[in-house]
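All remarks here apply to the structure that follows.
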Amino acid sequence: MKAPASASIITRNLADITTDKNNVYEAISIISKRANQLSLKLKEELTDRLAEFATTVDNLEEVFENREQIEISKQYERQPKPTSQAIEEFIAGELHYETPEVAPIIIPRELF
């Protein structure tokens, strides 16, 4: 189930946006990657819907407004932003992520 996201700007509590290890930077990285995924998906959907109305006329003088295209564009503009959706998903615990184990760096004694 999708988390409800607001179309307007909301002030967030920084304590809500942290990972299990209390790492804000890791949380922001996870949220930004999810927002990019949502943005690409939204862009593909919009492009596919607008492609139905595409014309191949190269005449610059014959520019006309297509009401369906305008309505589709306005509909997508009113939707919540991908970043807001990603934040809501993160806070609701709907995002699944893994952090790779960091291997220790071994420096040979000869270099000292």
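Residue numbers in the sequence shown follow the numbering used here, run continuously in steps of one, and reach 1046 at the last position. Backbone N, C-alpha and C fix where the C-beta goes; we use that ideal spot for every residue, glycine too. Just so it is clear, the structure is predicted and the values come from calculations on it, not from any experiment.
The alpha helix (DSSP H) enclosing S942, as first and last residue numbers | Unbroken run through S942: none, as it is neither H nor E.
Length of the line joining the Cα atoms of S963 and P1038 = 22 Å
For F1049, the first and last residue of its enclosing alpha helix (DSSP H) | Here the chain covers residues 935 to 1046 and nothing more, so residue 1049 does not appear.
Got a sec, what are the start and stop residues for the alpha helix (DSSP H) Y1031 sits in?
-> Element bounds for Y1031: n/a, residue is neither H nor E.
Same chain, Cβ closer than 8 Å to Q1051, five either side skipped, listed in chain order | This structure cannot speak to residue 1051, because the chain is shown only from 935 to 1046.
Is T1033 closer than 9 Å to S934 when the C-beta atoms are compared?
-> Since the first and last residues shown for the chain are 935 and 1046, residue 934 lies out of range.
Under 9 Å between C-beta atoms of R946 and E1023 | Pairing R946 with E1023 gives a Cβ-Cβ distance that is not under 9 Å.
Residue interval of the alpha helix (DSSP H) (run including V958) = 958-985
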